[in-house]
Amino acid sequence: MNRAFSKILTSVVIVILVVGGFFAWQYFGAPEVEPQIQKLEIIPSQKTEEGIVYQEGAKAIVIGKNLAKVEFRQRGGGQIYTSPEGGLVGVGVKIEVKDETEKWEMLLPLGRSMNEFCAFGFNANGEKIGEICLFNVYGEEKVAEVKTECDKWREAYAEEGEVRCGPCGCKECYPGLVSRDLTYPWKTENNEVVCLEEMTACICVKCGDGICGESESWCVCPEDCEKPNTENLPLMTKP
Numbered sequence: 024m025n026r027a028f029s030k031i032l033t034s035v036v037i038v039i040l041v042v043g044g045f046f047a048w049q050y051f052g053a054p055e056v057e058p059q060i061q062k063l064e065i066i067p068s069q070k071t072e073e074g075i076v077y078q079e080g081a082k083a084i085v086i087g088k089n090l091a092k093v094e095f096r097q098r099g100g101g102q103i104y105t106s107p108e109g110g111l112v113g114v115g116v117k118i119e120v121k122d123e124t125e126k127w128e129m130l131l132p133l134g135r136s137m138n139e140f141c142a143f144g145f146n147a148n149g150e151k152i153g154e155i156c157l158f159n160v161y162g163e164e165k166v167a168e169v170k171t172e173c174d175k176w177r178e179a180y181a182e183e184g185e186v187r188c189g190p191c192g193c194k195e196c197y198p199g200l201v202s203r204d205l206t207y208p209w210k211t212e213n214n215e216v217v218c219l220e221e222m223t224a225c226i227c228v229k230c231g232d233g234i235c236g237e238s239e240s241w242c243v244c245p246e247d248c249e250k251p252n253t254e255n256l257p258l259m260t261k262p
């Protein structure tokens, strides 16, 4: 009987130890994952011969574990930072945790030229536990689109009868119109009709519709206009 009681007591002790160990593990927690900073990249970006180039909207992304804070810093470049830590660019924001892996991000400023762009990882005590750097990182300037009066003029179509080129350059003829050299009829000593330009210009006209419009002439649209009578034409003199 004593032997049976001893077996029961032993079983109870084992159960107590197992259950106690389980609750102790839950209470004290599993071993804490050591803080790590594992990867730094810029998305989106392009790798060129000069380095890494990013544009508006690009973000610095850090992958790590159990980090309390991520700082992004630069050393050298357009703004010279000579301290070992470099100049602070910004602080990351934790956006995702998956299987003990964290993702941190920061929107990158434009107009930066950085010899070194680094991410520093910190633990809960504020101690730096590591860093990762990228070299020769450039942020392109955002170029504001400013339209001048000439830009606006060129964007508009040239109407029928309008000279399409001027001090601001040339613009396209309105759809359905064609560009022709602006010339005028003269007569020669032999009483022949010739077309001469008084100035170098192109005019937008509606040639080919069988109607000789107000801005058209035989010199501009011979397919629509009749050849003029030489009696009313000025005489072309030799220079």
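Count along the sequence shown starting at 1, add 23, and that's the number in the working numbering. By construction, the Cβ of each residue, glycine as well, lies at the ideal position given by its N, Cα and C atoms.
Query                                                                                                                                                                     : Result
Cβ of Gln-61 within 7 Å of any heavy atom in the ligand FAD?                                                                                                              : Looking at this structure, you won't find the ligand FAD or any other ligand, since it has none at all.
Which whole-angstrom value is the C-beta distance of Ser-68 and Ile-60, which I expect to be below 8 Å?                                                                   : In fact, because the Cβ distance is near 19 Å, the residues do not count as touching under 8 Å.
Taking only the alpha-carbon atoms, compute the straight-line gap between Glu-119 and Gly-144 and give it to the nearest angstrom.                                        : 16 Å
In chain order, what residues of the same chain have a beta carbon less than 7 Å from the beta carbon of Asn-159, not counting five sequence neighbours either side?      : Glu-73, Gly-74, Ile-75, Asn-138
Taking only the alpha-carbon atoms, compute the straight-line gap between Glu-254 and Gly-233 and give it to the nearest angstrom.                                        : 25 Å
Spatial neighbours of Tyr-77 within its chain, please: CB distance less than 8 Å, with the 5 preceding and 5 following residues excluded, ordered by chain position.      : Ile-65, Pro-67, Ser-68, Gln-69, Leu-131, Val-160, Tyr-161, Gly-162, Glu-163
Would you grab the beta carbon distance between Glu-57 and Asn-89 for me? Rounded to a whole angstrom, and I think it's under 8 Å.                                        : 7 Å
Which of the three DSSP states is assigned to Glu-249 in this structure?                                                                                                  : coil
Suppose only complete runs of 3+ residues qualify. What are the beta strand (DSSP E) ranges in the stretch 122 to 196, listed by chain order?                             : 124 to 130, 136 to 145, 151 to 162
For Ala-142, count the other beta carbons within 10 Å of its own beta carbon; 16 or more makes it buried, fewer makes it exposed. Which is it?                            : buried
Taking Val-186 as the reference, give the member of Ser-136, Val-243, Ile-155 with the closest Cα.                                                                        : Val-243
How should Pro-208 be labelled, buried or exposed, when 16 other C-beta atoms within 10 angstroms of its C-beta is the threshold for buried?                              : buried
For Cys-227, count neighbouring C-beta atoms within 10 Å of its own C-beta (all shown protein chains included) and say buried if the count is 16 or more, exposed if not. : buried
Is it true that the CB of Gly-184 sits closer than 8 Å to the CB of Glu-237?                                                                                              : yes
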